[in-house]
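Residue numbers (UniProt numbering), protein chains in the order written: chain A, 1 to 365; chain B, 1 to 315. Note that beta-carbon positions come from the ideal geometry of N, C-alpha and C, so glycine has one too. Note sheet for the following structure.
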Amino acid sequence: MKSLSKPTASAPDPLLEIDRLSVDIRSERGVVRVVDEVSFAVGPRETVALVGESGSGKSVTSMSVLGLLPPRITRTHGSVRFEGRELLGLKPGELDRVRGDDIAMIFQEPMTSLNPAFTVGEQIAEQVRRHRGVSRRAARDRAVEVLDLVGVPSAAERLKAYPHEFSGGMRQRVMMAMALSCEPKLVIADEPTTALDVTIQALVLSELRALQERFGMSVLFITHDLGVVAEIADKVVVMYGGHLVETGRTAEVFASPRHPYTEALLRSVPQGDTAGSRLWSIPGTMPTPEALPRGCRFHPRCPYAQRGVCDTDEPPLEPVGDGRTSRCVRRADLRLTGIGADTGGIGAREAAPLGGPALPGGDRT
Amino acid sequence: MLRLLARRLLMSVPILVIVTLVVFFLLEIAPGDPARRAAGGEMASAADVAEARRRLGLDEPLWTRYWHFIEGLFTGDLGQSIFSGQPVLSAIAERVPVSLSLMAGALTVAMLIAVPAGIIAATRPGSIADRVVMLISAGGVAMPNFLIGLLLVLVFALQLGIFPATGYVPFEQSPAGWFQALVLPSVALGVAAAAEIARFLRASMLDVLDQDYIRTARAKGIGVRSVLGKHAMKNAFAPVLTVLGLQVRILIGGTVVIEQIFNLPGLGSLTVKAVFDRDYPIIQGVAISAALVVVVTNILVDVAYGYLNPKLRAA
């Protein structure tokens, strides 16, 4: 179901290229770096999953692509290129032409992400009118079309309904319809299923997948749920403590992780065949960006951490072959266990609601 | 929406009944004998006073007089001024346009200042612009309107001569003159309301700008004007409406002072004169007119609430 066989070597230029992106946030206690030199790319028609626990910096990374972080308290460094064009530092007017048109976003809280004071029809049509310059009528027709597309029943009548008249799952579909309304080349989905219950999660995911295949969009999928990743992503990018710890193609990373944190994340995904056994969770908590440990940022929680090796210098992110990277200095000595991509995917799908007891649901943004 | 309106109209009936009761009996127990005043004051003879009492219908039992009073309200007969003999309704009708013009002017001034100020302050919290807005609005709230009025007259009428210091020109006579005459009193009356509304709008706006749907709106690329003016404003304005309703009530009281300062022939100056004269019918008429304005304002506020917040329409 995934285009994993696609050779990466001859891949065309990436659609989205994030290059050494750092984000500093100013607070009363000073400036903290919440995203630290993050680099990865999303190719055309590719789905990349950005994975990590709450506070890993994954949402901040995704928001900085469209300049959605509050400018007064954040400073962004590095580069975010879309189709070769630099997005960081664009004037608000220029950025607004990209937002919602070339790149659309779906957010994690469907209950609060729609404006309660406007009908859903108005909220979709407004975006179409702005980017396509069409008449009110044409924009309205487009809204019906996309609502229909994402499976909102009797779309034409529902156009006049307000968000509070929809269920959570339906609202997320409305969000998806809104995102698709201008046929974006890239959709950034920030935990789009986290706030939904299991059955709806599965529905929304398969819907997203189907739409992606139909329109050939790229998707940057932000999640803490590796079960979802197995189902949807071609590539996976793992973040911890504000920087990348491992990247690679999903099947390979799942089968043989090269970083203990990835292994830990995989271990905390409930497996189909472990029914009845206790769920495993990663001990300890993610360090805050103000108090990062010396050396490897994961070492205080890492079962393989070695004194004098892991707690001295921060390891660099290094290529480990096959287009993969890892930030673990001991990766050569360790035999980390993964899960079969196939069983992992299926097992995780069934167990999605329990996706990570150690991974708090809400994400810091 | 219509149901909401009908329900609010019905709810205002008991309010108005209570107002008439209070207005009627409050004046009944107030000191001073209107019959004696009408007969010529302290010097009048007992016979003259009794005659005046009969003429004014003040010798009838309390409840009968209250009944006449209510009957009068429905037939538009609010009695006559004890002093001038002019029917109360026509005395009020003559002056209502002045006071309503002044209040509309004050509200316009308030909104013209408060909306941009509130938005500017909320979009840049902690900035110099925000602090300036907050400082000025603190001053605007604290400064009494008569002081502002006198200062405005001093600078803009006496020093610069841009606007007339006092007086009123009816709209029918000269729209330009009407506008000129109202500028200074409207500003004097509206500044305090502007300050109050700006503070509320800022707080409400700050809250709304933190909401997820604002982030969604920004991600849609519809431009900062639409994000603020449309998506944020429609949500932020609902709490401000409550304040706006309260401000209308305060403005009614404010017109009394401002009309004195600017020598405007409105309800305020009518009231002041009536109070000194113990001209009960006029006072009653004015009080009921004011109550009507408040009731109508409340209904408008509720309807506007329903427009801004669709969840309330069904409730």
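Under 7 Å from the C-beta of residue i: neighbouring residues of chain A
i: V224 of chain B; result: P92
i: A217 of chain B; result: N115
i: L308 of chain B; result: A117
i: H231 of chain B; result: N115
i: N145 of chain B; result: None at all; the shortest Cβ gap to chain A is about 34 Å.
CA-to-CA distance, residue j to residue i, given in whole angstroms
i: L160 of chain B; j: G268 of chain B; result: 28 Å
i: D207 of chain B; j: C302 of chain A; result: 41 Å
i: T343 of chain A; j: A233 of chain A; result: With a pLDDT of only 43 at T343 of chain A, under the threshold of 50, the placement of this residue in the model should not be trusted; the figure read from the coordinates follows. Going from the Cα of T343 of chain A to the Cα of A233 of chain A covers about 15 Å.
i: R8 of chain B; j: L244 of chain B; result: 18 Å
i: E82 of chain A; j: L2 of chain B; result: Before going on, a small fix: residue 82 of chain A reads as Phe here, not Glu. About 50 Å.
i: V22 of chain B; j: I252 of chain B; result: 18 Å
i: N115 of chain A; j: Y280 of chain B; result: 53 Å
i: P175 of chain B; j: G167 of chain B; result: 14 Å
i: E157 of chain A; j: P110 of chain A; result: 20 Å
i: L154 of chain B; j: P310 of chain B; result: 47 Å
i: G105 of chain B; j: K230 of chain B; result: 25 Å
i: L226 of chain A; j: G126 of chain B; result: 41 Å
i: V32 of chain A; j: P289 of chain A; result: 6 Å
i: G52 of chain A; j: G89 of chain A; result: 27 Å
i: L102 of chain B; j: Q86 of chain B; result: 24 Å
i: E42 of chain B; j: A290 of chain B; result: 32 Å
i: I70 of chain B; j: T20 of chain B; result: 8 Å
i: Q284 of chain B; j: F24 of chain B; result: 7 Å
i: R142 of chain A; j: G169 of chain A; result: 21 Å
i: A341 of chain A; j: A230 of chain A; result: Because A341 of chain A carries a pLDDT of 45, less than 50, the predicted location of this residue cannot be relied on, and the following value inherits that uncertainty. If I take the Cα positions, the gap works out to 7 Å.
i: M259 of chain B; j: N145 of chain B; result: The sequence as given places Glu at residue 259 of chain B; Met does not occur at that position. Answer to the nearest angstrom: the Cα atoms are 11 Å apart.
i: A210 of chain A; j: A202 of chain A; result: 12 Å
i: R37 of chain B; j: A236 of chain B; result: 53 Å
i: E94 of chain A; j: G221 of chain B; result: 9 Å
i: D19 of chain A; j: R99 of chain A; result: 20 Å
i: V227 of chain B; j: H131 of chain A; result: 15 Å
i: R249 of chain B; j: A238 of chain B; result: 18 Å
i: L147 of chain A; j: L208 of chain A; result: 13 Å
i: E161 of chain A; j: L4 of chain B; result: The identity of residue 161 of chain A in the sequence shown is Ala, whereas the question assumes Glu. Distance between the alpha carbons of A161 of chain A and L4 of chain B is about 19 Å.
i: G79 of chain B; j: L89 of chain B; result: 8 Å
i: W178 of chain B; j: A157 of chain B; result: 15 Å
i: D311 of chain A; j: D210 of chain B; result: 39 Å
Supposed contact pair residue j and residue i - C-beta distance, whole angstroms, cut 8 Å
i: L15 of chain A; j: V34 of chain A; result: The Cβ separation is near 25 Å, so there is no contact.
i: A195 of chain B; j: V141 of chain B; result: 5 Å
i: R299 of chain B; j: S12 of chain B; result: For the record, residue 299 of chain B in the displayed sequence is Ile; it is not Arg. That pair is a contact at about 6 Å.
i: M233 of chain B; j: A122 of chain B; result: Wrong, their Cβ atoms sit about 10 Å apart, outside the cutoff.
i: Q108 of chain A; j: A195 of chain A; result: 6 Å
i: L266 of chain A; j: F254 of chain A; result: 7 Å
i: I120 of chain B; j: A129 of chain B; result: 5 Å
i: M176 of chain A; j: V150 of chain A; result: 5 Å
i: A189 of chain A; j: F166 of chain A; result: Rounded, the Cβ-Cβ distance is 19 Å, inconsistent with contact.
i: L58 of chain B; j: P31 of chain B; result: In fact, because the Cβ distance is near 15 Å, the residues do not count as touching under 8 Å.
Neighbouring residues, chain B, relative to residue i (Cβ below 8 Å)
i: D19 of chain A; result: Those within 8 Å of D19 of chain A in chain B number zero; the least Cβ separation is about 22 Å.
i: Q127 of chain A; result: K220, G221 and I222
i: R99 of chain A; result: R218, A219, K220 and G221
i: R130 of chain A; result: K220, G221, I222, G223 and S226
Chain A contact residues for residue i, given Cβ-Cβ distances below 9 Å
i: D212 of chain B; result: F107, Q108, E109, M111, T112, S113 and L114
Partners in chain B for residue i, counting only beta-carbon separations shorter than 9 Å
i: L226 of chain A; result: The premise fails here: L226 of chain A is roughly 25 Å from chain B at the closest Cβ pair, so nothing lies under 9 Å.
i: D96 of chain A; result: R218, K220, G221, I222, G223 and V224
Neighbour list for residue i in chain A, Cβ cutoff strictly below 8 Å
i: K311 of chain B; result: P116, Y162 and H164
i: N235 of chain B; result: N115, P116 and A117
Validate contact between the segment 295 to 312 of chain A and the segment 56 to 72 of chain A using beta carbons, cut 8 Å, 3 pairs: no
Between the segment 162 to 181 of chain A and the segment 98 to 113 of chain A, can you find at least three pairs of beta-carbon atoms closer than 8 Å? yes
(request) Would you mind listing the alpha helix (DSSP H) stretches within the segment 148 to 201 of chain A that are 4+ residues and don't spill past its ends, in chain order? (result) 155 to 158 and 168 to 180
Which runs of the beta strand (DSSP E) fall wholly inside the segment 245 to 322 of chain A and span at least 3 residues, in chain order?
318 to 321
Alpha helix (DSSP H) runs wholly inside the segment 65 to 146 of chain A, at least 4 long, in chain order: Within the segment 65 to 146 of chain A, the complete alpha helix (DSSP H) runs of at least 4 residues fall at 92 to 98 and 120 to 132.
For the segment 78 to 95 of chain A and the segment 123 to 132 of chain A, state whether three or more C-beta atom pairs, one from each stretch, are separated by less than 8 Å. no
Exercise. Please name the residues in the segment 65 to 91 of chain A whose beta-carbon is closer than 8 Å to at least one beta-carbon of chain E, in chain order.
Key: Here chain E cannot be found, since the structure's protein chains are A and B.
### Any 3 or more C-beta pairs closer than 8 Å across the segment 212 to 223 of chain A and the segment 39 to 57 of chain A
Put simply, the segment 212 to 223 of chain A touches the segment 39 to 57 of chain A. At least three CB pairs are less than 8 Å apart.
- Item | Stretch-stretch touch, CB-based, cutoff 8 Å, three pairs: the segment 326 to 333 of chain A with the segment 237 to 249 of chain A | yes
message: Restricting to runs no shorter than 4 residues, where is the alpha helix (DSSP H) found entirely within the segment 55 to 143 of chain B?
response: 62 to 75, 88 to 123 and 128 to 142
Open item on the list: Please give me, in chain order, every unbroken run of the alpha helix (DSSP H) with length at least 4 that falls completely inside the segment 151 to 217 of chain B.
Closed with: 175 to 209
Next on the checklist: With three or more C-beta pairs closer than 8 Å as the rule, is the segment 213 to 230 of chain B touching the segment 133 to 147 of chain B?
Outcome noted: no
Runs of beta strand (DSSP E) wholly within the segment 228 to 308 of chain B (minimum 3 residues, chain order) = none
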